[in-house]
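Counting in the numbering used here, the sequence shown runs without a single skipped number right up to 270 at its last residue.
For every residue, glycine included, the Cβ atom is placed at its ideal position computed from N, Cα and C.
Please read the structure below before turning to the comments.
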Amino acid sequence: PAMTALPAVGEDFSITGSPSWAKVDWLYDVPSATDAAGKVVIYWFCAPKVQACTDDLARIVTLKENGRVYIVGAINGTKAQAKKLDPIRESEGVGRGTLAYGRYVTKLVKNLRLTGPASIVVGVDGKVQLVTTTGQPGDLDARDAKVNAGIAAIKEYVATSEAPKAAKPGEKFPLSITIQLAGWLKYSDKSPMDLKVTVPPDIKCDATALTRQQIKVADKQLTASVTCSGPRGIYEGRGELRFGYDAPGGGTGIGAESAQWKFEIKN
Numbered sequence: 004p005a006m007t008a009l010p011a012v013g014e015d016f017s018i019t020g021s022p023s024w025a026k027v028d029w030l031y032d033v034p035s036a037t038d039a040a041g042k043v044v045i046y047w048f049c050a051p052k053v054q055a056c057t058d059d060l061a062r063i064v065t066l067k068e069n070g071r072v073y074i075v076g077a078i079n080g081t082k083a084q085a086k087k088l089d090p091i092r093e094s095e096g097v098g099r100g101t102l103a104y105g106r107y108v109t110k111l112v113k114n115l116r117l118t119g120p121a122s123i124v125v126g127v128d129g130k131v132q133l134v135t136t137t138g139q140p141g142d143l144d145a146r147d148a149k150v151n152a153g154i155a156a157i158k159e160y161v162a163t164s165e166a167p168k169a170a171k172p173g174e175k176f177p178l179s180i181t182i183q184l185a186g187w188l189k190y191s192d193k194s195p196m197d198l199k200v201t202v203p204p205d206i207k208c209d210a211t212a213l214t215r216q217q218i219k220v221a222d223k224q225l226t227a228s229v230t231c232s233g234p235r236g237i238y239e240g241r242g243e244l245r246f247g248y249d250a251p252g253g254g255t256g257i258g259a260e261s262a263q264w265k266f267e268i269k270n
């Protein structure tokens with residue numbers, strides 16, 4: 004079915020739009036979920052001979068230059084007209100987005116009752132963040148601010164470390180560091196994965212170094228943990244974790260996280 008209404012904020016909105024998008028004429032490839040992964044996606048509807056569209060084109064180009072934005076444009080016009088309103092052209096469509104034009108876009112714009120520029124902003128979680136259907140500067144400022152806030156919030160991973168609030172002398176306790184990887188990434192098999200632990204001499208641990216085989220990975224969550232014990236006292240330990248992660252479009256990132264463990268052993 005063709006799209007007949009703009010999505011609401013908070014709704015899931017797939018990069019493929021709807022099944023009928025396959026019928027669209029694209030200046031470049033069809034929208035790519037791989038290229039859009041880990042980026043804020045802007046769906047941008049515009050038309051030739053509309054001054055507000057020409058004005059907004061400069062804003063969209065600026066947003067695209069960030070590299071953390073993927074543009075799916077739809078121009079209600081011919082191929083030649085679409086090329087004049089093409090925010091992708093400088094990057095030749097490589098990984099930055101794509102642009103639709105032609106009869107299907109005309110039908111889509113009519114179905115959606117769009118009369119001027121319109122934008123749908125979708126976060127890295129695939130949910131709609133904002134919808135705007137005017138070319139008013141205030142609305143476009145709000146859209147740009149929402150996109151920039153979404154870019155600023157992108158994290159490849161979140162690290163947490165854990166030590167016991169209190170342990171008894173001689174009692175075994177864990178010191179751990181956990182990584183929650185972003186949904187569009189996966190842990191790399193080729194990059195180093197290890198943990199180095201430094202603790203005071205009185206603290207005895209079952210290991211002070213862990214290799215990939217001893218680090219637990221369950222889908223997006225990595226947990227590196229050692230078990231320790233010691234006499235009464237207030238202590239600090241340190242963990243240094245290294246790991247790598249792969250992006251869907253290729254390319255590997257390196258993660259390096261430090262854990263500062265503070266713990267007390269008392270009766």
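Does the Cβ of residue 257 have 16 or more other Cβ atoms within 10 Å, making it buried, or fewer, making it exposed? Start at 1 with the first residue of the sequence shown, and residue 257 comes out as number 254. Exposed, because fewer than 16 other Cβ atoms sit within 10 Å of the Cβ of residue 257.
CA-CA distance, residue 65 and residue 145? Here residue 65 refers to the residue found at position 62 of the sequence shown. Here residue 145 refers to the residue found at position 142 of the sequence shown. In a straight line, the C-alpha of residue 65 is about 15 Å away from that of residue 145.
Below 6 Å CB to CB, which residues in the same chain sit around residue 233 once its five sequence neighbours on both sides are set aside? Position 230 of the sequence shown holds residue 233. Short of 6 Å from the beta carbon of residue 233, and not among the five residues preceding or following it, lie these beta carbons of its own chain, in chain order: 205, 206, 268.
Count the other CB atoms within 10 Å of the CB of residue 114; is the residue buried (16 or more) or exposed (fewer)? Position 111 of the sequence shown, counting from 1, holds the residue named residue 114. It is exposed - the Cβ of residue 114 has fewer than 16 other Cβ atoms within 10 Å.
Touching by the beta-carbon criterion (3+ pairs, under 8 Å), the region 259 to 266 and the region 162 to 176: yes
DSSP state of residue 226 mapped onto helix, strand, coil: As a first step, residue 226 must be located in the sequence shown, where it is residue number 223. Residue state, collapsed to three classes: strand.
Alpha carbon of residue 49 to alpha carbon of residue 243, nearest angstrom: Indexing the sequence shown from 1 puts residue 49 at position 46. Indexing the sequence shown from 1 puts residue 243 at position 240. Taking the straight line joining both Cα atoms gives about 50 Å.
Beta-carbon gap between residue 221 and residue 120 smaller than 8 Å: Within the sequence shown, numbered from 1, the residue matching residue 221 stands at position 218. Within the sequence shown, numbered from 1, the residue matching residue 120 stands at position 117. In this structure, residue 120 does not lie closer than 8 Å to residue 221 by Cβ.
With H, G and I counted as helix, E and B as strand and the rest as coil, what does DSSP make of residue 146? Taking the first residue of the sequence shown as position 1, residue 146 is located at position 143. The answer is helix: DSSP assigns residue 146 an H, G or I state.
Taking 8 Å as the threshold (beta carbon to beta carbon), is residue 10 in contact with chain D? No chain D is part of this structure, which consists of one protein chain only.
Is the number of C-beta pairs between the region 138 to 156 and the region 212 to 229 that are closer than 8 Å three or more? no
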